[in-house]
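Numbering (this note's numbering), first residue to last: 4 to 227. A virtual CB, placed ideally from N, CA and C, is assigned to each residue, including glycine. Computed from a predicted model, the values in this text were never measured in an experiment. Only one structure is covered here, and it is reproduced in the block below.
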C-alpha cells in the first residue's frame, strides 16, 4: 500500500519521521510483512525525506502487507494509530514489484517563498531567465577560504516566477543524487555556501516541496 501524507503544520513535524510512521504501522494491527533486518518491524519504504530547512506538502510511505486489505481498511487502521498532526492525503494499492517512490522519482517541484527584495535583486535576472542564461553554478567556500564551484545546470528542469515573493523550481537528480533546492536559489541570488555546513539554508525564505514526479516511457512527467 502506498500512503501519501503530510503534517498539519510545521510545528507538528517529527524530527524522525521514519520512527514515527514505523510506530504507527506497528500499532495499527495491519498484517505487515517483516523487515529483513528485524522481523518484529514492518517492511517499509519511506521518503525521500525533505532536506533540512524544507517542509513537504506530500510525503510518501510504502507498506508491504502479508494479507490483502482494502484501501479503506488500511486508512482506518492507520488513522487510529497515527501521531498527532499527521494527515492522510491518499491511500492506494500499488503493484508489489512497482519501485518505491525513492526509486521511481525522476523530478521534484518546490515553491520558495519570501522577501526576495532583501537579497538585492534590483537588476538581477528573474529566476526563469537565470535558468536559461546562467551561470548556474554555486560557490562552496571552505573554512580556510578556498572555494570550488558546483555546476547545477543538469539538475535544473524548470524555473518560474509565481509572484513578487514566490518562485518555483522543478529539479532532477545530478549524477543520481538530489541537490537541495537551497543550492539552486543560492546560485540565483549569488550567495556562497559554507562547504562544511551540511544544513545550509537561505535564511528568510521558506522551501516547500510540492511533489515528486515519475517519468513514463514517452519521457512525460506525472505527479506521484
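Residue 118 is classed as exposed because its beta carbon has fewer than 16 other beta carbons within 10 Å across all chains shown. By the criterion of at least three beta-carbon pairs nearer than 8 Å, the region 190–202 is in contact with the region 135–151. Here residue 81 is near residue 27, since their CB atoms are less than 8 Å apart. Bounds of the beta strand (DSSP E) holding residue 95 are 89–95.
Under the DSSP assignment, residue 152 falls outside any alpha helix (DSSP H), being part of the beta strand (DSSP E) whose first and last residues are 150–154. 8 Å or more divides the Cβ of residue 21 from the Cβ of residue 68. Remark: three or more beta-carbon pairs, one from each stretch, lie closer than 8 Å, so the region 59–67 and the region 30–46 are flagged as touching. Residue 185 places its beta carbon less than 8 Å from that of residue 205.
With respect to the 8 Å criterion, residue 60 and residue 213 are classified as neighbours on the basis of their beta carbons. Out of 113, 99, 168 and 144, the CA that lies nearest to the CA of residue 199 is found in 144.
Residue 223: not part of any alpha helix (DSSP H); DSSP gives it neither H nor E. Per DSSP, residue 71 has no beta bridge partner at all. 8 Å or more divides the Cβ of residue 202 from the Cβ of residue 41. DSSP, read as helix, strand or coil, puts residue 130 in helix. Under the three-state reduction of DSSP, residue 107 is assigned to helix. In this structure, 135 is the residue among 167, 168, 146 and 135 with its C-alpha nearest to the C-alpha of residue 156. Closest by C-alpha distance to residue 10, out of 58, 32 and 39, is 58. About 18 Å separates the beta carbon of residue 110 from that of residue 165, a gap too long to meet the 8 Å contact definition. The C-alpha of residue 161 is placed about 29 Å away from the C-alpha of residue 97.
By the criterion of a C-beta distance shorter than 8 Å, residue 37 is surrounded in its chain by 43, 44, 45 and 46, once the five residues flanking it on both sides are discounted.
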